[in-house]
Each structure stands twice: as C-alpha cells, then as structure tokens.
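S.K.:
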Amino acid sequence: MNLYHLRYFSVLAETENYTQAAKMLSITQPSLSNAIHSLEQEVHVQLFAKQGRNVYLTPAGHQFVQQVDQALAILDRGVAEIQQSTQRNTLIKVAGLRTLSTKWLPNTAHNFLAAHPETDTRFKFSNDTGLSPDIIANLREEKYDVAFCSKVDDQNDIDYFPIAEQELVVITPLDHPLAKKKAITLTETLPYDQITFSTRSGLYPVMQRLFSECGGQPNSAYSIEEDQAVAGLVANNFGIAVVPNMSSLKTMPIRIIPLTFPKWKRVFYMATLKQHYLTPAVQQFVDFVKAQRQQ
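Following UniProt numbering from start to finish, the sequence shown increments by one per residue and tops out at 295.
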C-alpha cells in the first residue's frame with residue numbers, strides 16, 4: 001500500500017475538497033484524484049462520495065480514516081524517535097582513570113573534535129570512582145562506549161588497546177632523608193614508612209610482586225586506592241611512596257626520584273566491548289586514538 005496515497009487520503013478526508021487538499025499537499029488535483037482512485041481499488045471499498053464540488057467520507061471511509069490516522073501517527077513518532085536516536089549517536093560516552101582524565105583524555109577528545117569539525121559529536125565524561133575494576137564493570141554494563149584504564153582481567157569480551165605508559169618512581173617529602181638521592185632502588189625504601197596501594201587498586205599485586213623481588217614488603221602507614229591521593233599524603237609528610245610517574249606530581253611539593261630496580265612500566269589501555277555496537281562517531285573516535293598511538 002502506497003504511503004503517499006494514505007497521506008493524501010487523510011488530508012482529503014479532513015478538507016473534503018480536492019482543490020484545497022491538492023494545494024495543501026503541493027500536488028496537482030488530477031494526481032490527487034488518481035491516488036484516491038488507486039487506493040479505493042486497492043482496498044476494494046468506496047471511500048468518498050461526491051456532493052457538488054466537494055466530497056464526503058462514506059461510512060467505510062469514516063472507519064478507514066481513523067485507522068489510517070492512527071497508523072500515520074505511529075509512523076511519524078517512529079521516524080521522530082529514529083531521528084532523535086541518530087542525533088544521540090553523535091554522543092560518545094567515555095570513562096577514564098583520574099590520572100588520565102586530568103590531561104590526557106581531555107586533550108585527546110579536544111584533538112579529535114578539532115580534527116573532525118564537520119561533525120556535531122559530543123562527549124559525555126563519566127564521574128566514575130576512577131578505579132579500573134569499577135570502570136571495567138560499568139563498561140560491561142554498557143554505561144560507556146569507551147574506557148581508558150588499566151587491564152583488569154584476561155576475559156575475552158573486552159578489546160584492550162595500549163595507549164600510554166608510566167614508569168614507577170619513588171616520591172618523598174622535600175625534607176625526607178631520601179630526598180637528595182638522584183636514583184633509588186626499592187630495597188632502599190624498605191626502612192621507611194610508606195603510603196601503599198589498597199587491595200582494590202590494580203597496582204596492589206604489582207607492588208607486592210616488585211617488593212618481593214627486593215626481599216621484603218614495605219611498612220604500610222596508610223593504604224590508599226588512588227595514586228593521586230597517595231601523592232597527596234606524601235606531600236604532607238605522612239610517608240614515602242612508589243607511584244607511577246604522573247604529570248600531576250610535578251605540581252606538588254615532593255621529590256620525584258627515578259627507580260632503577262626493579263624496572264616496571266604501567267600500561268594504560270583503551271577498552272571497548274567486543275559485542276557492543278559502536279556507532280559511527282564512537283568508531284571514528286576509537287580509530288583516531290589508535291592512529292594517534294601509532295604515530
């Protein structure tokens with residue numbers, strides 16, 4: 001059944017005048033007449049009867065126009081919802097570790113938008129807890145399109161792509177006995193109270209393993225989840241710490257000492273769900289991040 005014919009029928013039923021209806025539809029009167037005739041032949045029912053120069057709906061026409069108007073209203077709502085959905089598809093929902101969200105992620109999003117000025121893409125940045133296990137859990141619930149965090153597990157439902165690295169450093173208060181050292185090993189940190197990572201942090205098992213290689217575990221004065229919070233306690237003389245070399249460290253009143261042994265790098269990843277549909281905007285952003293990494 002021709003959709004245009006149904007719309008023509010609806011307008012003619014409202015106006016009951018071919019000339020007026022044709023003008024409203026921006027078509028010729030013969031075209032309208034032919035369309036109504038074709039529709040009546042298709043449904044095998046007379047929909048209109050003549051009354052002078054006007055027409056009026058037959059009883060069958062009255063019944064049919066109610067169904068047609070309902071169907072057209074449903075169709076129009078569907079089209080509107082699809083259009084709104086298409087507009088929403090320009091939204092990219094991202095989440096990231098706080099160490100990435102302070103500089104790297106905003107810069108990357110800004111550079112992506114600058115490289116694609118023809119799009120109306122927008123970003124929605126998550127206010128997640130900032131811990132990789134929570135970020136990945138929410139990614140699996142499809143709360144985000146893309147996540148930037150540490151690798152949490154080896155399950156095959158997530159595609160991890162490396163995007164950045166950080167070496168470990170030792171940080172101390174400015175007046176600490178170790179503050180004058182130009183380089184240091186983990187063994188040299190063992191006599192001093194340390195701010196360590198809690199078991200919920202992705203760095204906890206890493207630090208356990210690295211200290212084991214050096215013959216002992218640190219005396220933990222405080223156990224903290226986030227690396228920036230760890231650095232804040234060090235800056236206020238609560239102890240020393242071994243942390244990734246974040247850019248924010250340079251803004252704090254602490255000493256940053258290169259770690260010579262054991263060597264280890266923290267790798268950050270872009271994480272996406274393998275079975276999650278990526279809209280064109282999201283796929284374009286994912287490809288952009290990969291291309292930037294490969295340059």
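We treat Cβ as the ideally placed atom computed from N, Cα and C, and that holds for glycine.
For clarity, every value in this text was computed on a predicted model and none was experimentally measured.
Which class does V206 belong to by DSSP, given the choice of helix, strand or coil?
M.R.: Correct three-state label for V206: helix.
S.K.: Would I163 and R293 be called neighbours here (beta carbons separated by less than 7 Å)?
M.R.: Yes, the Cβ-Cβ distance between I163 and R293 is below 7 Å.
S.K.: I'd like to know if the segment 243-262 and the segment 174-190 are in contact, where contact means that at least 3 CB-CB pairs between them fall below 8 Å.
M.R.: Cβ pair count under 8 Å is three or more, so yes.
S.K.: If you drop the 5 nearest sequence neighbours on each side, which residues of the same chain put their C-beta closer than 7 Å to that of S33?
M.R.: The answer, listed in chain order, is Y18.
S.K.: When we look at the beta-carbon of H176 and count the other beta-carbons within 10 Å, is it buried (16 or more) or exposed?
M.R.: It counts as buried.
S.K.: Which residues mark the beginning and the end of the alpha helix (DSSP H) in which residue 315 is found?
M.R.: This structure cannot settle anything about residue 315, because the visible part of the chain is limited to 1 through 295.
S.K.: At the level of alpha carbons, what is the spacing between I254 and P244?
M.R.: C-alpha separation (whole angstroms): 14 Å.
S.K.: Assuming E225 and L131 are in contact, meaning their beta carbons sit under 8 Å apart, how far apart are those beta carbons, in whole angstroms?
M.R.: Right, their Cβ atoms sit about 6 Å apart.
S.K.: Near D69, which residues of its chain fall below 8 Å by C-beta distance, leaving aside the five closest residues on each side in sequence?
M.R.: These residues qualify, in order along the chain: S10.
S.K.: I need the straight-line Cα distance from K290 to V282, nearest angstrom please.
M.R.: Taking the straight line joining both Cα atoms gives about 12 Å.
S.K.: Taking the alpha helix (DSSP H) that S198 falls in, what are its first and last residues?
M.R.: Neither: S198 is in no alpha helix (DSSP H) and is coded neither H nor E.
S.K.: Determine, using beta carbons only, whether V242 and V170 come nearer to each other than 7 Å.
M.R.: Yes, Cβ-Cβ distance for V242 and V170 is below 7 Å.
S.K.: Let me know the secondary structure DSSP gives N107 once reduced to three states.
M.R.: If DSSP states are grouped into helix, strand and coil, N107 belongs with the helices.
S.K.: What distance in whole Å lies between the Cβ atoms of V146 and F285, which are believed to be in contact at a cut-off of 8 Å?
M.R.: Contact flag correct, Cβ pair sits at about 7 Å.
S.K.: Among the candidates A73, L113 and Q228, whose CA atom is the shortest distance from the CA of K250?
M.R.: It is Q228.
S.K.: Quick one: is A74 buried, meaning 16 or more other Cβ sit within 10 Å of its Cβ, or exposed?
M.R.: A small fix is needed here, since residue 74 is Ile in this sequence, not Ala. I74 should be labelled exposed.
S.K.: Rounding to the nearest angstrom, what Cα-Cα distance links F197 and L203 in this structure?
M.R.: Rounded to whole angstroms, F197 to L203 spans 7 Å at the Cα level.
S.K.: Report the option in L47, A179, Q67 and Q20 whose CA atom is closest to the CA atom of R53.
M.R.: For the residues L47, A179, Q67 and Q20, the minimum Cα distance to R53 belongs to Q20.
S.K.: Can you list, in chain order, the residues of its chain with a C-beta nearer than 6 Å to that of T119? Leave out the 5 residues immediately preceding and following it.
M.R.: Same-chain partners within the cutoff: there are none.
S.K.: Quick test of the definition: if touching needs 3 or more C-beta pairs under 8 Å, does the segment 265-280 touch the segment 135-150?
M.R.: The segment 265-280 vs the segment 135-150: in contact.
S.K.: Per DSSP, which residues does L178 bridge with? Please list them.
M.R.: DSSP output for L178 lists no bridge partner at all.
S.K.: Nearest CA to the CA of C5: which residue from E16, E40 and L273?
M.R.: Note that residue 5 is His in the sequence shown, not Cys. Selected option, being the one with the closest Cα: E40.
S.K.: Is S201 buried or exposed, if buried means 16 or more other CB atoms sit within 10 Å of its CB?
M.R.: The residue in question, S201, is buried, as its Cβ has 16 or more Cβ neighbours within 10 Å.
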